[in-house]
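Input: a single structure, listed below in structure tokens.
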Amino acid sequence: MEVLIVTNMYPHEERPYDGIFVKEQIDAIKEQCPECNIQVFHIKGYKSPLNYFKAIFKLRRILRENKYDLIHAHYGLSGLVSVFQNKIPVICTFHGSDVLYIWWQSLISKIITIFLSHSIAVSKKIAQELPTDNISIIPCGLDFALFKPIANRKARERMGLDLKKKYLLFPSAKNRKVKNYPLFQKALKRTQKYFDVQEVFLEGYDRKQVSLILNAVNLVIYTSFSEGSPQVLKEAMACNTPVVCTVKDFAEKTFENLRGFYYSPPDEKNLSRIIMKILAEENCNYSLRKKVKIYSNEKIAKELLKLYQFFCNTKRNIKK
6 MEVLIVTNMY PHEERPYDGI FVKEQIDAIK EQCPECNIQV FHIKGYKSPL NYFKAIFKLR
66 RILRENKYDL IHAHYGLSGL VSVFQNKIPV ICTFHGSDVL YIWWQSLISK IITIFLSHSI
126 AVSKKIAQEL PTDNISIIPC GLDFALFKPI ANRKARERMG LDLKKKYLLF PSAKNRKVKN
186 YPLFQKALKR TQKYFDVQEV FLEGYDRKQV SLILNAVNLV IYTSFSEGSP QVLKEAMACN
246 TPVVCTVKDF AEKTFENLRG FYYSPPDEKN LSRIIMKILA EENCNYSLRK KVKIYSNEKI
306 AKELLKLYQF FCNTKRNIKK
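If you want the working numbering, it's the 1-based position in the sequence shown plus 5.
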């Protein structure tokens, strides 16, 4: 089984942790099925939109020089590049902003579903926005060996954080508009009137350090305008770290009434009130990890392999 991954999100020298979840997914598939040969075609679209246009011709050359049974594209723009050929079937995983937030990318994503052999959404909300019934809901998986509970004190010592302070994690870089840092900042300032609180940004860390940070902070706060199936949120839960989310559909439908997972309306007053309530709870133990066990890399890899095998077998039967 020969599979080509086409993606604009993948770790490389300039961005060593960009799309790390795609790489981890590939690694898990290879572990489950060593005979599955997977190659990656990385489109560096962040450098220039023109790179997507160039990728169309580069992909055609790759397909002339190599034999693949299937293309698995990650993100709508990668799917667009992939359907500009009709030699092999294409499945595409839609990750969030390509459907829910950026309008022109959403339009592209909806159009290309017509040409895909199959669509994958990482959440039910994304699936509902796409005009196709030929779709599966398969979120990105978690590395439970890496993301696991560690004593808060131990994690702070290893990351050089103050043992007495309260830490709130903004799970992204603050310049990413979709993550809505201004709301986080306003709620933080309100909270600082009553608690010795400091913000932490999730950027510049390797994977082991991310696990330590998630165990070291008091709370992870999602203030995004939209979310598909946020990876850091699930990683935090795997570490039994509480989360506040302002994305109503995701928060209420995914982990409704789960202690340690809280929904806040997207305004600074309500958000800071919930933050302070959680911070006031001393030595509170949460049991969030067991709720995200369904997202293990092993389970997700098995689901994807079933799709891979189906479309690879279909292609071979058509050739016969």
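We treat Cβ as the ideally placed atom computed from N, Cα and C, and that holds for glycine.
The residue among I10, A78, I48 with its C-alpha nearest the C-alpha of R20 is I48. For A126, the enclosing beta strand (DSSP E) begins and ends at 123 to 126. R264 and V297 have their C-alpha atoms spaced approximately 13 Å apart. Annotation for T196: the continuous alpha helix (DSSP H) segment containing it runs 186 to 196.
Rounded to the nearest angstrom, the Cβ distance from Y57 to V86 is 6 Å, consistent with a contact under 8 Å. Residue burial annotation: H77 is buried, with at least 16 other C-beta atoms found within 10 angstroms of its C-beta. One Cα belongs to P16, the other to V45, and the distance between them is close to 11 Å. Taking each of H123, V248, C41 in turn and checking the Cα distance to P176, the smallest one comes out for V248. Linking Y210 to K304 through their CA atoms gives a straight-line distance of about 27 Å. When secondary structure is reduced to three states using DSSP, N157 falls in the helix class.
Nearest Cα to S128 within the set I116, S141, F120, T137: S141.
With a cutoff of 9 Å on beta-carbon distance, A306 and I34 are scored as near each other.
Fewer than three Cβ pairs drawn from the stretch 149 to 159 and the stretch 120 to 139 lie within less than 8 Å of each other, which leaves the two stretches out of contact.
The beta-carbon distance between Q37 and L310, rounded to whole angstroms, is 6 Å. This is short enough to meet the 8 Å contact definition. Shown here, N318 sits in a helix according to DSSP, grouped into three states. The DSSP-derived three-state label of F26 is helix. Around the beta carbon of K213, fewer than 16 other beta carbons sit within 10 angstroms, so the residue counts as exposed. Rounded to whole angstroms, the gap between the alpha carbons of G84 and Q110 is 11 Å. For K171, the uninterrupted beta strand (DSSP E) run begins and ends at 171 to 175, by DSSP. Of Y267, V8, E204, the smallest CA-CA separation from K72 is found for V8. Counting along the chain, E273 sits inside no beta strand (DSSP E); it lies in the alpha helix (DSSP H) bounded by residues 273 to 284. In the displayed model, S111 falls within a helix according to three-state DSSP. Closest in alpha carbon position to F149, among E286, C97, F26, is F26.
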